[in-house]
Amino acid sequence: MRIKLLALSFLLTIGITNAQNPVGIFSDHGDVGNPKNKGGATYSEQTQTYSIKGAGYNIWFERDEFHFAHQKLKGDFILTANFGFNGAGVDPHRKIGWMVRESLDEKAAHVSATLHGDGLTVLQWRELRGAFMRDPEDEIFSPKSNYTIIQLERSGKELIMRAAHFGEPLQMIGSHVMPYMPDEVFAGIFVGSHNPEVIEEGIAWNVRIDKPVADNYNPGRDGWLGCRMETMTIADGKRTVVYEKDGRFEAPNWMPNGKELLFNMDGSIYTMAIAGGEPKKLNTGDLKRNNNDHGISFDGKLLAVSSHRDGLPGGGSTVYVLPLEGGTPELITEGTPSYFHGWAPNNKELVYVAQRNGGNIYNVYKANIKTKVETQLTKFTSGHVDGCEYSPDGKYVYYNGSQSGTMQLWRMKPDGTGNEQLTFDENNDWFPHVSPDGKWILYISFPPTIPVDSHPSYKRVTLKIMPAAGGESKVLAYLYGGQGTINTPSWSPDSKSVAFVSNSGKK
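With mature numbering (1 follows the signal peptide of the UniProt record, and there is no 0) applied, the sequence shown covers -19 to -1, 1 to 488.
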């Protein structure tokens, strides 16, 4: 009997040892290195924020003590989050950030992208188990020590750290090749107090784990990546995931009631509560190939969609109008290809990009939805234009164009005159969306490595905001996305939030 009890006790001990404590997107969390004071981690479903606390002498020399929320990952990945400390803290060398670790052993090889309590922002590593920690020794101090955005990317054997403050582009902090790091690693967020007698606390939000794909990845051939529907408050960049799916959906519009989103998925149009839930299919009649160009009239009564007709030039994309609540669509553009982008404030006209008369150049057109009369607004013979959209006061039509050599944001008068360039950077900027109050432009920015006239899926992109009249822009979000992220107007009716789609492969 005593042997049986001992065996049962052993099995229970093994069960407890192997038990996992999932928190948010992380499969487990716990202390590493047996610190004197135990740490912990919690996740708020409501705010999608992590709270993490931990103690320990340090994460340095040949062994570590800290608290770690993690999951196992293979291959390449991109880890991005906002980090902050709670309170003034005790030791200026307390640490928080991302970590990639070969195991949960206290002496394990690892790389940490770290924010210290005194603002030191640095990449640190232990190349082999039990080896002493290293860093580049070119210390970078953040001007604010209470928060920062940290990104840690693994590309092959190289680990790359980037960081920024809200509104700024990510800056390269450091990189290091880890030749002996296994393919499967523990990756997650951590905190350490640098003092065995003290527990330090921190928070992490906008926590995202993305699995990138190769540059030559073809969704039609290789399959679609997973999608997240996200909303974001403009004032602070706080992001909330409201819906996720392994397959493809795109381009959210914010409904006039402020309580729902409208988007395209699998050739149909759907609506969904802003808090998430089951999408509901909208009746679009015979239209079964709706794409990611759709939008709602200023008076909230009509929906314009682009849908494909078989056997026509350019894939046959055609603009239709139907009641917002669903119903029979009415064809607006007989000519193809035509891609809708914006309504006029008078609710009687809309603007779109199209190719006509056998040409291969897109220009901006407008059409009256009653008479179907089409008017060409731009007459470019080279380059590319897209994303045309009226300002709420009707004084301008905004668009993106590559006439200056890179894709930049422009605006013109509604008759096509007075073209004025608004952005002047090395990136390729697409899809200007003017806020309902007319003050701001939201747009997506592709890196210079992307072809000028291309807006592909599954790239490292940023969402930016700038004054509608032109001026300095700031970064709102860093994400993996592109085609389908914000092809359509996506502002909330109160101009305080936006919706968008981000992408990620399977973890």
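Where a beta carbon is used, it is the ideal one built from N, C-alpha and C, also for glycine.
Classify Tyr31: buried if its beta carbon has 16 or more other beta carbons within 10 angstroms, exposed otherwise. buried
Measure the Cβ-Cβ separation of Asp99 and Pro73 and say whether it is below 8 Å. yes
For Pro237, which option in Gly486, Asn484, Gln1, Trp472 has the closest C-alpha, if you only look at C-alpha atoms? Trp472
Can you tell me whether Thr3 is buried or exposed, with buried defined as 16 or more other CB within 10 angstroms of its CB? Note that residue 3 is Pro in the sequence shown here, rather than Thr. Label assigned to Pro3: exposed.
Would you list the one or two residues that DSSP bridges to Arg143? Gln132, Met153
Looking only at its chain, what residues have a beta carbon closer than 7 Å to the beta carbon of Phe113, apart from the 5 residues adjacent to it on each side? Phe42, Glu43
Bounding residues of the beta strand (DSSP E) (the contiguous stretch that carries Pro304): 298 to 304
Would you call the segment 165 to 173 and the segment 196 to 203 touching, i.e. three or more CB-CB distances under 8 Å? no
Just to confirm, are Gly35 and His48 a CB contact at a threshold of 8 Å? yes
Mind checking which residues open and close the beta strand (DSSP E) that includes Arg290? That residue, Arg290, is in no beta strand (DSSP E); it is neither H nor E in DSSP.
May I have a chain-ordered list of the beta strand (DSSP E) segments no shorter than 3 residues that lie completely inside the segment 409 to 482? 409 to 415, 421 to 427, 440 to 448, 455 to 462
Who are the near neighbours of Gly486 in its chain, counting only those whose CB is closer than 8 Å to its CB and skipping five residues on each side? Asp191, Lys192, Pro193, Val194, Leu206, Gly207
Among all the DSSP beta bridges, which residues are the ones paired with Lys347? Val332, Thr356
Could you tell me the alpha carbon to alpha carbon distance between Asn127 and Gly20, rounded to whole angstroms? At Asn127 the pLDDT is 49, less than 50, meaning the model places this residue with poor confidence; the figure from the coordinates comes in the next sentence. Each residue's Cα considered, the two are about 20 Å apart.
So, are the CB atoms of Pro413 and Asn234 less than 8 Å apart? no
So which of Ala335, Asp367, Gly276, Arg290 has the shortest CA-CA distance to Glu306? Gly276
Measuring CB atoms only, is the segment 403 to 411 touching the segment 441 to 460, in the sense that at least three cross pairs come out at less than 8 Å? yes
Taking the beta carbon of Pro432 as the centre, do at least 16 other beta carbons fall within 10 Å, making it buried, or is it exposed? exposed
Limits of the alpha helix (DSSP H) - the one that Asp203 falls within: 200 to 203
Compute the beta-carbon to beta-carbon distance between Pro474 and Gly239, rounded to the nearest angstrom, for a pair I have assumed lies under 8 Å. 5 Å
If you draw a straight line from the alpha carbon of Lys477 to that of Gln27, how long is it in whole angstroms? 19 Å
Would Tyr380 pass as a contact of Cys369 if the rule is Cβ separation under 8 Å? yes
Using 10 angstroms around the beta-carbon of Lys445, count the other beta-carbons present and answer buried if the total reaches 16, otherwise exposed. buried
Assign Pro233 to one of three DSSP states: helix, strand, or coil. strand
Determine contact between the segment 169 to 180 and the segment 421 to 432, defined as no fewer than three beta-carbon pairs at a distance below 8 Å. no
If you compare alpha carbons, which of Phe7, Ile154, Ala89 is closest to Leu96? Ile154
Taking the alpha carbon of Val332 as the reference point, which residue from Asn338, Gly340, Val302, Gly308 has its own alpha carbon closest? Val302
To the nearest angstrom, how far is the alpha carbon of Gln389 from that of Val442? 15 Å
Pairwise C-alpha distance: Ile350 and Lys329: 6 Å
Nearest neighbour of Pro310, chosen from Gln336, Asn271, Asp280 [CA to CA]: Asn271
Could you tell me the distance, in whole angstroms, from the CA atom of Ile250 to the CA atom of Gln402? 34 Å
Can you tell me whether Gln1 is buried or exposed, with buried defined as 16 or more other CB within 10 angstroms of its CB? exposed
Inter-residue spacing [alpha-carbon to alpha-carbon] between Val92 and His157: 8 Å
For Val479 and Ile141, what's the separation of their Cα atoms in angstroms? 29 Å
Straight-line gap, Phe481 to Phe7 (C-alpha atoms, nearest Å): 24 Å
Apply the 10 Å Cβ neighbour rule to Tyr38 and answer buried if 16 or more other Cβ atoms are within range, or exposed otherwise. buried
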